[in-house]
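Taking it in order: structure first as structure tokens, then the write-up.
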Amino acid sequence: MGIEVLTGFLYSLVVYNIPLLYGTVGEIFNEKAGSLNLGVEGTMAVGSLFGYLVGCWLDSLFLGVLAAMVFAGLCGLLFAFFTVTLQANQNVTGLTITTLGLGIYYFVGHGVNKNLGWPSMQAAADVAQGWEALPIPLLSDIPIIGRAFFSHNLLVYLGVLIAILSWWYMKYTKAGLRMRAVGENPAAADSCGVNIDRYKYAHIIFGSAIMGIGGYYMALNISGEYLASTGWVNGYGWIAVALVIFAKWNPARALLGTFVFGIFKALEVYNDSIAYAFPNVFGWLGVIPLKVYTALPFIITAVVLFAGSVRKSGKANQPAAIGVNYYREDR
């Protein structure tokens with residue numbers, strides 16, 4: 014029993030980790046280009062809703078992912094238009110995107126649920142088939158960790174791959190280095206011939222599209238039930254913003270950061286099981302109220318934000334021009 018509980022806990026850890034990974038990597042793209050996008054929550058909510066609806070209606074996981082990316086990318090386009098073209102305040106615009114995105118989720122979701130009938134996940138055969146686990150040969154046969162880490166669906170592997178490729182892109186490609194230059198010193202990048210607006214637009218939209226996949230993953234994980242009270246994303250977007258600081262603006266480090274936060278979320282589900290299976294070591298986990306586990310990810314988020322604001326080392330990799338609009342006339 015102990016082994017089954019441990020395997021289930023580790024498996025859930027990965028499940029809760031992946032949407033945070035998508036949101037964090039997407040926000041890193043925004044911030045590395047010099048844009049502080051606080052609209053992650055709303056962007057993920059829009060991606061979750063339209064990705065799920067399109068995926069179920071068309072019986073396609075691929076089209077669901079594509080829809081999530083397109084509609085979340087439109088949120089990024091709106092943010093870029095206001096902050097890059099119109100030079101609006103980035104903090105206010107990001108909060109507006111979050112409010113708008115959540116409003117769209119509730120308005121459209123309620124309308125579909127009431128007038129068209131909410132699509133059932135079980136009724137979408139192709140989506141369900143695309144959601145099945147794809148065990149990695151040999152690695153998935155390793156006791157305990159095999160099923161937990163190497164027997165997941167396509168979106169889990171895609172999230173890890175995107176994080177690794179994003180790190181490589183930012184560190185070793187010409188476009189990635191130019192994007193970082195835009196986030197560090199846009200005036201210097203502009204003087205070297207880099208189109209600041211184009212790079213900001215491209216990476217804001219692409220980063221937002223990645224956030225949308227994370228929202229869609231959460232929608233599928235809820236098993237298709239429309240949540241009219243809390244929503245599918247339910248605060249994950251705000252945690253992703255804090256994880257950017259925890260990961261020091263590095264997509265590869267985001268893998269570790271989201272893994273840590275996934276532990277707290279998995280404990281919310283498995284605290285009693287772990288306490289029962291390992292009473293001598295973890296029996297105390299069953300004594301802690303469930304609400305504490307629910308609040309833990311957000312408490313840790315606040316701690317990370319506070320630590321990042323008071324420690325100089327926490328800002329070592331922060332883009333110098335983040336949150337600052339670029340006026341070419343002031344160059």
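The numbering used here applies: residue 14 is where the sequence shown begins, and numbers increase by one.
No residue lacks a Cβ here, since even glycine has one placed at the ideal position from N, Cα and C.
Under 8 Å between C-beta atoms of residue i and residue j
i	j	result
V257	T37	yes
L268	A161	no
P264	I41	yes
G64	A46	no
T307	W251	no
M57	V246	yes
G68	L62	no
G159	L152	yes
P310	F272	no
T106	F95	yes
L51	N128	no
A194	A188	no
G86	I226	no
L115	G55	yes
Y239	G130	no
G299	A288	yes
Residue i, buried or exposed, once every other Cβ within 10 Å from all chains shown has been counted against 16
i	result
C205	exposed
P199	buried
Q100	exposed
V323	exposed
P292	exposed
G296	exposed
G39	buried
A333	exposed
V28	buried
For residue i, the three-state DSSP class (helix, strand or coil)
i	result
L51	coil
S164	strand
P150	coil
D285	helix
T112	helix
I157	coil
D210	helix
T186	coil
G172	helix
E197	helix
W373	Missing from the structure shown is residue 373; the chain here goes from 14 to 344 and no further.
S73	coil
Nearest-angstrom Cβ-Cβ length linking residue i and residue j, presumed shorter than 8 Å
i	j	result
S221	V18	The pair is not a contact, with the Cβ atoms about 38 Å apart (cut-off 8 Å).
F119	V59	For clarity, residue 119 is Tyr in the given sequence; the question names Phe instead. With 8 Å as the limit, Y119 and V59 do not qualify as a contact, their Cβ atoms being about 11 Å apart.
L66	V125	7 Å
I301	E44	Between E44 and I301 the Cβ distance is about 34 Å, and since that is not below 8 Å, they are no contact.
V53	M224	6 Å
I157	T20	5 Å
P132	W70	6 Å
G270	A260	4 Å
M192	H165	30 Å between Cβ atoms; not a contact.
Min CB distance residue i to chain C below 8 Å
i	result
I313	Of the protein chains in the structure, only one exists, and it is not chain C.
Is the region 281 to 298 touching the region 82 to 92, taking contact as three or more C-beta pairs under 8 Å?
-> The answer is no - the region 82 to 92 does not touch the region 281 to 298, with fewer than three Cβ pairs under 8 Å.
May I ask you to verify whether the region 29 to 36 touches the region 225 to 232, counting CB pairs closer than 8 Å and requiring at least 3?
-> These segments touch.
The region 333 to 340 in contact with the region 198 to 214 per 3-pair CB rule at 8 Å = Contact between the region 333 to 340 and the region 198 to 214 is present, because at least three Cβ pairs lie under 8 Å.
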